[in-house]
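> Following the working numbering, the numbering of the sequence shown begins with 90 at its first residue and continues without gaps.
Virtual Cβ for every residue (Gly too), placed ideally from N, Cα, C.
The model shown is predicted, which means the values in this text are computed figures rather than measured ones.
One structure, as structure tokens, below. Some questions next.
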Amino acid sequence: MTAPFRLAYVPGVTPAKWVRTWQQRTPDHPLDLVQTPAADAEALLRSAGADAALLRLPVDRDGLHAIPLYTETTVVVVPKDHAVTAADEVTAADLVDEITLHPLDDTLDWERPPGGQALERPASTADAVELVAAGIGVLLVPQSLARLHHRRDLTYRPVTGVPQSGVALSWLEDATTDAVEQFIGIVRGRTENSTRGRQQEQPQKKERKPAPARQAAPKPGGGKQQARRGGAAKRGKPRR
């Protein structure tokens, strides 16, 4: 029996479309999804707990491959009656007077977000969302995390001038298996016949067309020769 291809993914990342393609193309090769906290994804790969992972950048590239897939918009999560909801988009400067929550599992890779800081950092993004709902502060996260922790009493707006979170497909350099190659092809949008990309099609030889027959060019004076084909022309006798 074929061992399952183990794909880890972090909160906010939705691998469903790629998993469906995998199942259509390789129905005899099972795929197991492994959800992992963003902070643990790299360690999971290095310990061989997964064959590949959809994780958030940055990642230590020593011994790891990483293909960047997309970059997410950063948003601020606020109560629905918050002042920032009057705008379609806000800047970091618009948040300087806010208490900005900075959870321990923050994925934006900054020392501190704009605005004032709470006395304690929330243990997780989920905890920070609860504090936003209680009116204690605001929260900056990738848009997918705002959607993941959606609440009816909260909303969000895009924020400019702040870090953004990139998502990548990563795997161990010395563990680039056929299954990994297959999944790389899927996330890169290759067709089924070219997914693995290891063998290049040999160029087809072009058939040579027969050269057109050459027609002999007419010789100078051809008309006279036609007239003489019956023999040499007779000369008349000289007149006396």
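Residues in the same chain with beta-carbon distance under 8 Å from L193, minus the five sequence neighbours each way, listed in chain order, please.
Cβ within range, chain order: R210, P211, A212 and S213.
> Could you tell me if E296 is buried or exposed, where buried requires 16 or more neighbouring beta carbons within 10 angstroms of its beta carbon?
A caution first: E296 carries a pLDDT of 49, below 50, which makes its placement in the model unreliable, though a value can still be read off. With fewer than 16 other Cβ atoms within 10 Å, it is exposed.
> On the DSSP letters alone, give me the boundaries of the beta strand (DSSP E) that I188 sits inside.
Its beta strand (DSSP E) spans residues I188 to L190.
> Does DSSP put Q124 in a helix, a strand or coil?
Here Q124 sits in strand by DSSP.
> W107 lies in the alpha helix (DSSP H); which residues open and close that run?
Taken as a continuous stretch (DSSP letters only), the alpha helix (DSSP H) holding W107 covers A105 to R114.
> Excluding the five sequence neighbours on either side, which residues of its own chain have a C-beta within less than 6 Å of the C-beta of G268, listed in chain order?
One point to set straight first is that residue 268 is Ala, not Gly, in the sequence displayed. Contacts found: F94.
> Where does S136 fall in DSSP's three states?
Note: S136 maps to coil in three-state DSSP.
> On a Cα-Cα basis, can you pick out the residue from V276, T125, T163 and G152 that is closest to T180?
The shortest Cα separation from T180 among V276, T125, T163 and G152 belongs to T163.
> If you draw a straight line from the alpha carbon of L228 to that of T91, how long is it in whole angstroms?
The alpha-carbon atoms of L228 and T91 are separated by roughly 44 Å.
> Indicate whether the contact test is met: 3 or more Cβ pairs, each with one atom in the segment 197-207 and one in the segment 255-273, closer than 8 Å.
No, the segment 197-207 is not in contact with the segment 255-273.
> Please confirm if the segment 159-179 is in contact with the segment 125-135, defined as three or more CB-CB distances below 8 Å between the two stretches.
They do not touch, by the three-pair rule.
> By DSSP's criteria, Q206 is part of a beta bridge. Which residues make up the other side?
T189.
> Is the beta carbon of L261 less than 8 Å from the beta carbon of V276?
Their beta carbons are not under 8 Å apart, which means L261 does not touch V276 by this criterion.
> How is S213 classed by DSSP in three states: helix, strand or coil?
In the structure shown, S213 sits in coil (DSSP, three-state: anything other than H, G, I, E or B).
> Cα separation between P247 and G255?
Each residue's alpha carbon lies about 16 Å from the other.
> Mind checking who T249 pairs with in its DSSP beta bridge?
T249 is bridged to T180.
> Comparing alpha-carbon positions, which option in A175, P203 and V165 lies nearest A222?
That would be V165, whose Cα lies nearest to the Cα of A222.
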